[in-house]
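If you read the sequences in order, they're chains G and E. Just so you know, we're using full-length UniProt numbering here: the first sequence kicks off at 1 and counts up by one. Just so you know, we're using full-length UniProt numbering here: the second sequence kicks off at 1 and counts up by one. Just so you know, even glycine gets a beta-carbon here, dropped at the ideal spot from N, CA and C.
There are 2 protein chains.
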Amino acid sequence: MSSLEELMVFRDVVLTGNITRTSQRLHMSQSSVSIQIRNLEREYGAQLFDRTNRGVRLTERGEVLYRYAEEVVSLMLEAREAVPVPLR
Amino acid sequence: MSSLEELMVFRDVVLTGNITRTSQRLHMSQSSVSIQIRNLEREYGAQLFDRTNRGVRLTERGEVLYRYAEEVVSLMLEAREAVPVPLR
DNA sequence: TTCTGTTACGGGAGGCGTAATCATC
DNA sequence: GATGATTACGCCTCCCGTAACAGAA
């Protein structure tokens with residue numbers, strides 16, 4: 001099942017529309033980003049992006065996942081802040 | 001960063017209050033459950049459970065994570081349904 | 001030929017289960 | 001001794017980066 005990292009990578013690819021650019025921004029290889037996207041597509045049984053020679057473009061089903069990803073990622077980031085805080 | 005599986009295991013341990021019972025319910029070994037809980041504690045820098053000889057009991061910080069985990073897991077399960085659905 | 005995405009491949013890290021260990025009752 | 005959690009250890013899968021490949025402008 002998908003890790004939070006995969007969702008964060010997915011989110012960034014949606015923003016940049018470009019696997020190469022995301023790989024640079026997140027300091028990882030092209031292939032790693034490409035494969036993470038492929039894994040998400042397999043996991044959800046849906047094509048998330050259309051591939052073009054200029055980059056990638058979100059599909060309708062990709063947009064559905066994107067809305068969930070935004071919510072989940074922001075919750076998880078919030079949790080990372082809230083959980084370890086000493087309760088005084 | 002934590003996977004959804006880890007959060008689902010955490011959630012189940014909270015419900016059972018017992019690592020062994022969760023390992024049986026989820027068909028995995030004690031050690032695997034134990035280590036996943038330990039990993040979450042390291043990741044969040046907080047003790048999530050008090051260990052007793054009868055099982056484990058959620059700490060205050062564990063409760064904070066639990067609320068997030070509930071929300072995140074239900075969102076992810078919802079996404080699994082929603083994303084692959086052909087749009088009519 | 002340049003830009004972008006995908007595939008092949010090898011190495012290293014991490015996850016799993018078995019089994020041993022520790023602690024408490 | 002029974003119960004429940006942790007640790008040790010070996011295996012095996014999976015993830016990553018490098019590099020080669022494919023297609024389009």
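When DSSP labels each residue in this structure, what does residue i get in the three-state scheme?
{"i": "R38(G)", "result": "helix"}
{"i": "V85(E)", "result": "coil"}
{"i": "S3(E)", "result": "strand"}
{"i": "S29(E)", "result": "coil"}
{"i": "E70(E)", "result": "helix"}
Spell out the partners DSSP gives residue i in its beta bridges.
{"i": "F49(G)", "result": "L58(G)"}
Under 6 Å Cβ to Cβ from residue i, same chain only, skipping five residues before and after it: list those, please.
{"i": "N18(E)", "result": "G55"}
{"i": "E5(G)", "result": "none"}
{"i": "Q36(E)", "result": "E6, V9"}
{"i": "A79(G)", "result": "none"}
{"i": "L77(E)", "result": "none"}
My understanding is that residue i touches residue j, with C-beta atoms under 8 Å, so please give their C-beta distance in whole angstroms.
{"i": "T59(G)", "j": "L75(G)", "result": "That belief does not hold up - the Cβ atoms of T59(G) and L75(G) are roughly 24 Å apart, past 8 Å."}
{"i": "V64(E)", "j": "V83(G)", "result": "5 Å"}
Short of 7 Å in beta carbon distance, which residues of its chain neighbour residue i, apart from the five on each side in sequence? Order them along the chain.
{"i": "D12(G)", "result": "T22, R25, L26"}
{"i": "A69(G)", "result": "L7, F10, R11"}
{"i": "R57(E)", "result": "G17, F49, D50"}
{"i": "A46(G)", "result": "R61"}
{"i": "S34(E)", "result": "I19"}
{"i": "E41(E)", "result": "Q47, L48"}
{"i": "E71(G)", "result": "none"}
The ligand MN and residue i: does any heavy atom of the ligand fall closer than 7 Å to the residue's C-beta?
{"i": "E78(G)", "result": "Summarising the ligand content, the structure contains no ligands, and the ligand MN is consequently not present."}
Among residues of its own chain, excluding the 5 on either side of residue i, which ones have a beta-carbon nearer than 8 Å to its beta-carbon?
{"i": "V73(G)", "result": "L4, L7, M8, R11"}
{"i": "Q30(G)", "result": "I19, T20, S23"}
{"i": "Y66(G)", "result": "F10, R11, V14, L58"}
{"i": "N39(E)", "result": "S2, E6"}
{"i": "S32(G)", "result": "S23"}
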